[in-house]
Each structure stands twice: as C-alpha cells, then as structure tokens.
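Undergrad: Position 87 (the sequence shown) corresponds to 110 in our numbering; numbering is contiguous.
Note that CB positions come from ideal geometry on N, CA and C, so glycine has one too.
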Amino acid sequence: MTTDSARSDYTRFDTTTTDGMTTDPVTTDPVTTAFLRESADPHRPLHTVLKEISLPPALAAAAGTRLLSRPLFAPQQAVDRAAADTAGVFELITSLPQRLFDGDLDAYCRALGIDERTQKLITRLGGGAPPMYGRTDMSFDGCRFRLLEFNIASELGGIDRAGTLPRLWAQAPSFASFAAEHALTYLDTGRLVAETLRAAARPVAGGRTPVVALLEAPGGLAKFGAVWEAVAELMRTEELDFRVGEVHAVRSRGNRITLHGTAVDLVLRCFCAEEILAEPGGAAMVEPLFQAHEQGTVVLWTPLESYLFSNKGALALLSEPGLRDRFSTDELALIDRLLPWTRSLPHQARTSAPDLFAECLDRQDELILKPRAQYGGSGVLAGWETPADQWRRALESVDASGAVVQERAHTRPEPVLDPATGRTEDWRTVWSLFLTPDGHAGTYARALPAHAGAVVGMGADQRACTAGVFTYEAAARHGDTSAAGV
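1) Does the separation of the CB atoms of residue 324 and residue 291 fall below 8 Å?
2) Helix, strand or coil for residue 154? Go by DSSP, reduced to three states.
3) Just reading off the beta strand (DSSP E) that residue 293 is part of, what are its end residues?
4) How is the beta strand (DSSP E) around residue 455 delimited, first residue to last?
5) Tell me which residues share the same chain as residue 336 and place their Cβ nearer than 8 Å to its Cβ, disregarding the 5 neighbours each side in the sequence.
6) Leaving out five residues before and five after residue 499 in sequence, what residues of the same chain have Cβ atoms less than 8 Å from its Cβ?
7) Which of the three DSSP states is assigned to residue 351 in this structure?
8) Tell me whether residue 118, by its Cβ, gets closer than 7 Å to a heavy atom of the ligand GTP.
9) Whole angstroms is fine: what's the gap from residue 464's alpha carbon to residue 211's?
10) Going by DSSP in three states, residue 189 sits in which element: helix, strand or coil?
11) As a quick exercise: from 329, 469 and 448, pick the residue whose alpha carbon is nearest that of residue 456.
12) Return the chain-ordered list of same chain residues with a C-beta closer than 7 Å to the C-beta of residue 64, the five sequence neighbours on each side being excluded.
13) For residue 265, tell me which candidate among 256, 83 and 101 has the shortest Cα-Cα distance.
14) Kindly indicate which three-state DSSP category residue 422 falls into: helix, strand or coil?
15) Between the alpha carbons of residue 85 and residue 194, how many angstroms are there, rounded?
16) Tell me whether residue 246 sits in a helix, a strand or coil according to DSSP, three-state version.
17) Starting from the Cα of residue 151, find the closest Cα among 383, 429 and 332 and give me that residue.
18) Using a C-beta cutoff of 8 Å, does residue 67 count as contacting chain D?
19) Would you report the Cα separation of residue 237 and residue 230, rounded to the nearest angstrom?
20) On the CB-based measure, 16 or more other CB atoms within 10 Å of its CB, does residue 372 come out buried or exposed?
21) Kindly identify the DSSP beta-bridge partner or partners of residue 275.
22) Does the Cβ-Cβ distance between residue 384 and residue 416 come in under 8 Å?
23) Of the residues 108, 73 and 156, which one's Cα is nearest the Cα of residue 443?
24) Which residues share a DSSP beta bridge with residue 561?
25) Which two residues bound the contiguous alpha helix (DSSP H) that contains residue 80?
26) Here's a check: name, in chain order, each residue in its chain whose Cβ is nearer than 8 Å to the Cβ of residue 448, leaving out the five neighbours to either side.
27) Keeping to the same chain, check which residues put their C-beta closer than 7 Å to that of residue 132; ignore five residues upstream and five downstream.
28) Pick from 300, 267 and 419: whose alpha carbon is nearest that of residue 287?
29) So, using beta-carbon positions, are residue 111 and residue 357 closer together than 8 Å?
30) What does the alpha-carbon distance come out to for the pair residue 107 and residue 254?
31) Would residue 246 be called buried (16 or more neighbouring beta carbons within 10 Å of its own) or exposed?
32) How close, in whole Å, do the beta carbons of residue 217 and residue 261 come, if the pair is a contact with beta carbons under 8 Å?
33) Are the beta-carbon atoms belonging to residue 388 and residue 407 less than 8 Å from one another?
34) Is the Cβ-Cβ distance between residue 492 and residue 94 less than 8 Å?
35) On the DSSP letters alone, give me the boundaries of the beta strand (DSSP E) that residue 181 sits inside.
36) Taking residue 319 as the reference, which of 343, 148 and 452 has the closest Cα?
Shown next, in the form of structure tokens:
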C-alpha cells in the first residue's frame with residue numbers, strides 16, 4: 024500500500040501488548056472495516072447473519088461451535104501471488120535431493136534427521152517427488168504472505184471447511200448483498216479436490232465413478248473420525264463414492280484392494296509414517312497398498328514419499344546461507360520473498376552447532392522453535408513467550424530428529440466482534456492455501472484470541488476457531504494495483 028489514495032480507504036487499529044504498551048499501528052482492509060461497522064449496527068442485516076448459517080450435519084459434528092463469528096478478507100492479488108509462490112517453492116523443495124545431494128537420498132535424509140527405518144518406509148515406492156498436493160500455513164501482515172510450514176501430504180485438515188464456510192456465508196440472505204457490494208469471491212475447495220481425486224483415479228476407474236477410500240491408521244478414527252466424516256460428507260456431494268476406514272481393514276482380492284468387501288480405485292492416505300511404524304508389523308500392513316499402486320490397480324494418494332519434503336528441515340535447507348549458490352537469482356528472490364529466516368537446529372546443538380546455538384539465545388524474542396517431524400503445533404515453543412532458562416533448556420534438549428528455529432513472522436491482527444457482548448477483540452490468524460496439481464484450490468484460516476498465545480492450532484488450543492476466507496480485487500476498489508500490497 025504505497026499511495027495516499029490507497030491508504031485513505033484503510034482503518035488503523037492499535038495493537039496493545041499484555042503489559043499495556045501500544046505497538047506500531049497496523050492496518051486492516053476496508054472490507055473488514057465495512058463488515059464490522061455493519062454487523063455492529065442492530066438496524067443492519069449483518070447484525071443477525073449468524074442465525075442464517077447452519078452447517079451440514081457431519082461438519083457440525085466435527086466443528087462444533089469452533090467457528091469464527093466472521094469471515095476473513097484479503098486482496099485477490101496477494102492471495103494469487105502467495106499461491107504462485109508456494110507452487111514455485113514446491114518445485115524447489117522436491118528438487119532438493121538432486122540439487123543439493125546429487126540424488127543421494129541417504130544423505131538427504133541424514134540432513135533432515137530422518138532415521139533409516141522411516142526412510143525405508145517412505146521411499147518404498149522409489150523416493151521420487153510426489154504430486155503437488157498439500158496445504159501451506161502462512162502469516163499475513165496485510166500486504167504479503169509468509170510461509171511458516173508446508174504440509175506436503177494428503178492427510179490435510181480443513182478441506183471440509185475451506186470452500187464450505189464461504190459458500191454458507193454467501194448463501195445467507197443478510198450477507199449476500201454485502202458480498203455483492205464488495206465483489207467477494209472464493210474457491211470451492213471441495214469441488215476442486217474432488218476433481219483432483221477423480222482425475223487421479225481415472226487410470227484405474229476409467230469413465231465410471233471411482234471408489235475412494237480415506238484410510239486412517241489403526242485407531243485413528245477414534246481421534247479423527249468426525250473430521251474425516253465431514254470430508255466424506257463433502258466428497259459425496261461431489262458425486263464420489265467415498266468410504267472411510269482404517270488401513271488394517273484393507274484386504275487383497277485378486278489384484279485389487281478392497282475395503283469392507285468393496286474394490287477401491289484410489290486410497291486417500293490419511294495415515295502417517297510414524298503411525299505405521301508404531302504398529303507391530305506396520306510395514307507389512309501397508310505393503311499390499313504399495314504393491315497395488317505399483318501394479319496400477321489402485322492409486323495411493325499421496326505416496327509416503329511426501330514425508331521427504333514435508334519435513335520442516337526442507338525449509339531450512341532453502342534458507343541456509345551456505346547453499347544459496349545452488350539456486351538461481353529468480354529462485355533466491357522467491358525464497359527471500361516467501362520464507363522467513365529458518366535454520367535447522369541439530370541434536371546437542373550447544374556443542375554441534377555452537378554459533379547457531381548462541382544466536383538462538385541472543386535472538387530469543389525473535390524466534391520460534393519447532394520439532395522437525397511433529398505436526399499440529401506439538402512441541403512448538405515461541406521464544407518471546409518463554410522464560411530464558413526454559414528457552415535454553417528447550418534448545419539443549421532437541422532430540423535426534425532435530426528441530427528448526429524460525430524468525431517470527433508478524434501477522435495482521437483481525438478484529439472480531441463478539442455478537443453476544445458487542446465487544447471487538449483482536450485475533451491472531453494462520454492462513455492456509457490448498458494446492459493441487461491444477462494449482463490453488465482454496466483458502467481458509469485458523470484464528471486464536473491475540474492474548475492466548477503464539478501457537479494457532481485447532482488441536483493445540485481449544486479456543487482456536489476456523490474462519491472462511493473471501494477475496495476481493497483491491498485494484499478495482501482503489502484504482503491502483505499497489506493497494507494489493509504485491
């Protein structure tokens with residue numbers, strides 16, 4: 024936002040820290056300003072819009088009441104740039120074994136702290152690059168997105184919500200006029216994912232409707248069953264024959280894979296390598312899937328090779344200063360534009376990487392620590408929220424799989440009106456973009472009250488909520504592409 028004409032349409036919100044000090048003011052976009060103004064007015068339709076929105080049954084069971092009371096809004100140009108950039112980063116990440124290690128997967132896995140047993144399982148199908156399918160976790164400061172994590176995998180949360188929530192908002196009569204006035208748009212994630220799965224299954228299913236089986240690890244449905252049933256509910260509305268089960272229920276019949284007696288064309292893999300390796304005979308349990316995939320009688324979407332690239336250490340390799348000569352000028356510009364400073368912190372870093380260890384101590388208030396192989400916010404520690412002695416102990420106790428330290432990426436606070444109290448409170452957000460082989464497939468966000476902590480995860484904090492996302496053409500509103508902040 025570089026012109027006065029663009030700035031004039033933006034409202035300033037002060038962010039106050041827990042000690043009462045006010046930081047630099049940040050801007051929120053004009054659509055948010057308009058939404059808050061109208062929803063706060065008891066004489067305007069948006070004041071009661073939440074009463075017009077009801078979730079499909081399975082999504083209601085999965086989401087409960089953990090939905091933000093308003094959508095989020097972002098300039099279309101900023102989202103498009105982020106989607107294009109993350110697609111470019113996917114290509115860079117999946118090139119790392121060849122680019123940095125001359126194709127030596129053993130050396131690549133050692134660099135990421137992937138042990139031999141895990142490596143054997145996740146490279147069972149050859150260790151090649153998986154199809155582009157995943158979800159980014161990103162910060163947004165009002166001008167640009169920064170990449171925090173890249174979930175290159177198929178066990179993705181949020182598919183059931185990314186397109187559904189904005190669709191339900193758009194169908195609410197009280198919101199429809201607001202959406203039309205501001206030319207709000209969104210991508211239908213359910214339809215785009217269903218198209219991806221249908222296309223992937225076509226070599227097996229031909230022209231008929233494919234049978235898709237979402238498979239969890241043994242016992243996984245007890246924990247995640249409600250979420251996956253919401254995905255199944257959505258996929259069935261897209262006319263897929265969609266089943267949900269656990270991988271140990273799979274059987275081989277002739278040259279086909281069956282689930283509860285039905286032959287399956289595509290397996291949507293929602294189990295991870297760690298879960299399989301934790302099971303006695305786990306590798307043997309999934310071997311029929313590997314063999315059927317190799318024979319072309321089932322499609323494993325996505326293969327476990329995804330774990331070669333979703334490991335957080337891959338982002339650290341992109342950020343490593345000693346490796347910058349392996350990338351072109353344009354590639355370096357992409358990395359610098361999208362990725363915060365990120366470094367791998369090895370086991371026993373105080374002696375194995377003393378300079379980095381010292382830097383992490385010195386820059387504690389600017390850094391966040393993340394275990395390389397964990398997910399869902401597990402084990403994440405924000406330096407700015409942690410006592411110095413606890414931060415030091417955390418750096419010293421990194422396990423053999425290693426961790427990454429990443430520079431804090433500042434996010435735009437999102438003011439949210441509480442319909443019950445009429446009070447407005449700032450929330451912290453993480454934005455997620457879905458990618459398929461055809462490109463950007465929609466966006467959603469997770470949000471947490473700004474005072475609640477740095478880790479915004481549905482599993483990490485029960486106060487976290489999900490938000491739908493709409494985009495708008497900032498240039499059309501302001502007559503200047505600089506208003507999009509890209």
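TA: On the basis of the data shown:
1) yes
2) coil
3) Where residue 293 is concerned, there is no enclosing beta strand (DSSP E), given that its DSSP letter is neither H nor E.
4) 447–459
5) 134, 135, 136, 367, 395, 425 and 427
6) Model confidence at residue 499 stands at a pLDDT of 46, short of 50, so the residue's coordinates are unreliable; what they give is reported in the following sentence. 206, listed in sequence order.
7) coil
8) Looking for the ligand GTP in the displayed structure turns up nothing, as the structure carries no ligands at all.
9) 7 Å
10) helix
11) 469
12) 70
13) 256
14) coil
15) 21 Å
16) helix
17) 332
18) Here there is only one protein chain, and chain D is not present.
19) 21 Å
20) buried
21) 280
22) no
23) 73
24) In the structure as shown, the chain starts at 24 and stops at 509, and residue 561 therefore has no counterpart that could be examined.
25) 80–86
26) 438, 439, 441, 472 and 473
27) 142
28) 267
29) yes
30) 26 Å
31) exposed
32) 4 Å
33) yes
34) yes
35) Taken as a continuous stretch (DSSP letters only), residue 181 belongs to no beta strand (DSSP E), as it is neither H nor E.
36) 148
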